[in-house]
Amino acid sequence: MNIFEQYQNKIKKILLDFSKTGGLILPNKLDGITAEIPPIKFNSDISTNVAMVLSKINKKDPMSLANILSDKIKNYDPLIDEISIIKPGFINIKFKPIFWTNFVKTLIKDSKTFGINKSEDKKKYLIEFVSANPTGPLHVGHCRGAILGDVMANVLKFNNHNVTKEYYVNDYGNQIKNFTKSVYLRIREIVFKEPFPINNEDLYPGDYLIDIAKNIINSEKKLNFNSFDEISNQLTSLSTTEALKLIKKNLNSLGINHDNFISEKELVKNNEVEKAIEFLQKKNFIYSGKIKAPIGEDNKNWIEREQLLFKSSDFGDDKDRALQKGDGAWTYFASDVAYHKNKLDRKYDQLINILGADHAGYIKRISSSVDALSNSKGKLICKVSQLVKLIKDKKPFKMSKRKGDYITVDDLMNEVGKDAIRFIMLNRSSDVELDFDFDNVIEKSRDNPLYYVQYSYARIASVFRNLDKDIKSNIKIEEYDFYYSKDETNILKKISEWPKCIDITCQKLEPHRIQTYLYELASLFHSYWNLGKNNPEKRFISDEKISDDKLIFLKIISNVIKSGMDIIGVSAPTKM
RNA sequence: GCGCUUGUAGCUCAAUUGGAUAGAGCGCCUGACUUCGGAUCAGGAGGUUCUGGGUUCAACUCCUAGCAGGCGCACCA
322 MNIFEQYQNK
332 IKKILLDFSK
342 TGGLILPNKL
352 DGITAEIPPI
362 KFNSDISTNV
372 AMVLSKINKK
382 DPMSLANILS
392 DKIKNYDPLI
402 DEISIIKPGF
412 INIKFKPIFW
422 TNFVKTLIKD
432 SKTFGINKSE
442 DKKKYLIEFV
452 SANPTGPLHV
462 GHCRGAILGD
472 VMANVLKFNN
482 HNVTKEYYVN
492 DYGNQIKNFT
502 KSVYLRIREI
512 VFKEPFPINN
522 EDLYPGDYLI
532 DIAKNIINSE
542 KKLNFNSFDE
552 ISNQLTSLST
562 TEALKLIKKN
572 LNSLGINHDN
582 FISEKELVKN
592 NEVEKAIEFL
602 QKKNFIYSGK
612 IKAPIGEDNK
622 NWIEREQLLF
632 KSSDFGDDKD
642 RALQKGDGAW
652 TYFASDVAYH
662 KNKLDRKYDQ
672 LINILGADHA
682 GYIKRISSSV
692 DALSNSKGKL
702 ICKVSQLVKL
712 IKDKKPFKMS
722 KRKGDYITVD
732 DLMNEVGKDA
742 IRFIMLNRSS
752 DVELDFDFDN
762 VIEKSRDNPL
772 YYVQYSYARI
782 ASVFRNLDKD
792 IKSNIKIEEY
802 DFYYSKDETN
812 ILKKISEWPK
822 CIDITCQKLE
832 PHRIQTYLYE
842 LASLFHSYWN
852 LGKNNPEKRF
862 ISDEKISDDK
872 LIFLKIISNV
882 IKSGMDIIGV
892 SAPTKM
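Residues 322 to 897 (my numbering) make up the first sequence, in order.
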């Protein structure tokens with residue numbers, strides 16, 4: 322239940338009725354009319370901007386129009402206690418106390434589904450995220466996008482949408498060749514005692530390759546390790562499988578499970594690239610031509626040549642993009658086009674890609690291809706996750722320059738754990754660089770949002786525990802003949818905004834909004850809790866008992882915190 | 001040079017999808033509690049929302065021209 326939507330509709334109905342009597346002129350579309358919680362200081366419950374929106378077309382100033390409209394609204398709803406009109410022309414409605422009691426009543430009936438937008442159409446989403454090369458374990462750079470995607474999927478699912486989480490495995494191309502070569506040389510190091518060429522820039526030097534080499538030696542005793550050419554195909558798939566195992570283990574420890582892993586190699590093998598290009602060729606988006614050397618780059622190795630190009634410049638890209646390399650192999654872009662055709666063929670309403678900041682320049686070209694493939698605009702939305710700056714001892718925590726030596730997901734897990742990683746990665750909008758302070762995330766203070774929110778839940782749980790009740794069990798109450806105080810109503814107002822928070826998060830695909838909301842709710846709750854220190858009447862328990870209104874009140878708050886924590890994917894402990 | 005992105009309190013950032021006197025945390029200054037109702041709370045100081053122009057009843061938000069930082073500009077992935 323969303324009381325704002327309800328009230329918005331009510332107001333629109335009043336306006337329509339009024340316009341039929343000739344008292345009001347309405348525009349063709351009733352857009353931009355809001356119903357929302359006004360700032361606390363105005364001490365009212367719902368506020369609307371109708372008078373300001375309609376003032377021009379009615380040739381009346383907002384204040385006098387507000388006067389007229391507020392009478393109409395007041396007559397319409399018996400629950401209204403008083404209406405006030407504030408400066409630019411806001412109409413602020415204050416309800417009788419029963420309004421919030423009624424609100425609470427519906428929440429108890431509806432506790433499982435509170436926050437879900439039932440009026441919105443169910444959509445099919447495909448979220449592609451992480452998609453790191455299968456050449457080694459995940460590091461901290463992958464982590465933010467991984468959590469962003471996972472929580473985005475959670476919140477869309479919470480709002481009743483159908484979501485598929487997908488990982489695109491780039492197991493084709495030069496990187497994989499170099500990686501396989503590196504594994505091979507590590508094998509030779511172990512079997513034939515040949516030193517690994519650690520200074521070769523093209524190779525992967527990380528120690529984890531030694532483990533991969535050992536695993537392959539142990540499980541593939543029949544392989545002839547003497548000849549790279551003879552075993553290269555088999556070794557490629559063995560190596561990427563091993564690397565993917567490491568990645569899946571990392572994802573798992575972060576609580577992330579993809580539904581599908583789509584292999585680039587398979588797409589190429591099944592001729593999907595040719596099919597996609599053929600498809601675009603028929604639409605005249607493919608031609609053979611030359612592109613100019615990149616600007617501002619070291620381009621002395623540039624060889625201009627005739628090649629197969631996609632007309633992404635038709636869609637606003639700087640230049641057209643190459644599909645085929647000099648050796649005849651497909652470019653990364655070409656197979657990615659095929660992959661996106663594959664996605665489109667599976668009939669999703671919305672495709673979402675989560676990319677790291679360093680790949681932002683790629684967005685124009687891939688969304689161009691999706692526009693071309695789908696004959697429409699906006700089928701693909703790309704979200705970029707900005708850098709994470711690691712901070713330790715109040716100083717930037719720099720990664721060592723030696724290639725292959727970086728902070729891994731495992732390192733993070735050992736230092737701070739899953740909950741802290743997930744929660745703190747959502748501490749900021751994904752558009753902004755994020756400070757990840759090792760000392761702060763394990764700190765137990767208000768400065769650490771994870772503890773602050775978890776603590777509010779634990780406090781509620783402690784009340785239930787003291788009463789020998791279970792915080793998770795349902796509450797049944799016969800009589801709702803109680804009213805809430807101003808302090809309590811302020812918290813209920815925040816609760817009433819939960820569905821709106823979910824909606825906006827889904828529309829803008831900004832999961833950090835959940836985290837921000839929970840922090841604000843926790844803050845209101847801690848404030849309220851502390852009132853009980855000086856004033857015993859404000860305590861939840863008196864004489865070892867709790868009143869029904871307070872029991873429900875606590876239950877509702879804990880429900881919302883728990884839903885939010887579930888969406889973010891962190892625990893809500895009952896004891897800390 | 002071009003593209004994307006960010007610019008809000010001393011610092012790190014929010015801002016109800018264009019609303020009211022722009023809010024939090026940290027830091028600074030007071031105060032409450034002396035605590036398993038335990039990591040908490042109350043108050044104070046701190047702002048030309050990078051700059052100029054425009055749209056609007058209303059702009060941190062949208063448009064436009066700049067300035068500054070970040071990322072990117074391949075036949076790599």
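Glycine included, every Cβ here is placed at the ideal spot set by N, Cα and C.
Could you check where the beta strand (DSSP E) with residue i kicks off and where it finishes?
i           : result
residue 758 : 755-758
residue 445 : 445-449
residue 536 : Run containing residue 536: none in the beta strand (DSSP E); it sits in the alpha helix (DSSP H), 529-540.
residue 415 : 411-416
residue 487 : 483-490
residue 403 : 401-407
residue 369 : 367-369
Around the C-beta of residue i, are 16 or more other C-beta atoms found within 10 angstroms, so that it is buried, or is it exposed?
i           : result
residue 821 : buried
residue 722 : Below a pLDDT of 50, predicted positions are generally treated as unreliable, and residue 722, at 44, falls in that range; the measurement from the model is reported next regardless. Exposed: under 16 other Cβ atoms inside 10 Å.
residue 816 : buried
residue 776 : buried
residue 743 : buried
residue 855 : exposed
residue 467 : buried
residue 674 : buried
residue 439 : exposed
residue 704 : buried
residue 375 : buried
residue 936 : In this structure the chain extends from 322 to 897, so residue 936 is not present and cannot be described.
residue 852 : exposed
residue 328 : buried
residue 876 : buried
residue 724 : With a pLDDT of 47 at residue 724, under the threshold of 50, the modelled position of that residue is not reliable, and the figure given next carries that caveat. The residue is exposed, with fewer than 16 neighbouring Cβ atoms inside 10 Å.
residue 607 : buried
residue 679 : exposed
residue 881 : buried
residue 585 : buried
residue 357 : exposed
residue 421 : buried
Let me make sure I understand the geometry here. Which of the options has the alpha-carbon closest to that of residue i?
i           : options            : result
residue 644 : 685, 663, 598, 669 : 598
residue 561 : 582, 542, 577      : 582
residue 848 : 774, 669, 876, 368 : 774
residue 737 : 870, 771, 600      : 771
residue 512 : 414, 573, 535      : 535
residue 810 : 800, 825, 870, 788 : 870
residue 654 : 629, 410, 702      : 629
residue 529 : 888, 840, 894, 503 : 503
residue 460 : 575, 509, 355      : 575
residue 557 : 594, 684, 814, 495 : 495
residue 819 : 830, 837, 806, 804 : 837
residue 532 : 508, 730, 714, 548 : 508
residue 750 : 465, 600, 894      : 465
residue 739 : 727, 893, 436      : 893
residue 702 : 446, 399, 625, 340 : 446
residue 850 : 594, 873, 808      : 808
residue 863 : 784, 843, 813, 552 : 784
Residue i bridges to which residues according to DSSP?
i           : result
residue 712 : 717, 758
residue 677 : 706
residue 610 : 628
residue 582 : 488
residue 701 : 672
residue 866 : 863
Go to residue i, then tell me how far its alpha helix (DSSP H) extends in each direction, as first and last residue.
i           : result
residue 325 : 324-341
residue 574 : 549-574
residue 288 : Given a span of 322 to 897 for the chain in the structure shown, any question on residue 288 remains unanswerable.
residue 820 : 819-829
residue 463 : 461-479
residue 496 : 495-513
residue 602 : 593-603
Checklist line | Given 8 Å, three or more beta-carbon pairs between the region 481-499 and the region 441-459 | finding: yes
Next item on the list: Count the CB pairs spanning the region 754-765 and the region 706-713 that are closer than 8 Å, and state whether there are at least three.
Entry: yes
Checklist line | Segment contact, 8 Å Cβ cut-off, at least three pairs: the region 645-655 with the region 666-677 | finding: no
Note to self: I'd like to know if the region 357-375 and the region 411-427 are in contact, where contact means that at least 3 CB-CB pairs between them fall below 8 Å.
What the structure shows: yes
Check: Would you call the region 630-637 and the region 689-696 touching, i.e. three or more CB-CB distances under 8 Å?
Finding: yes
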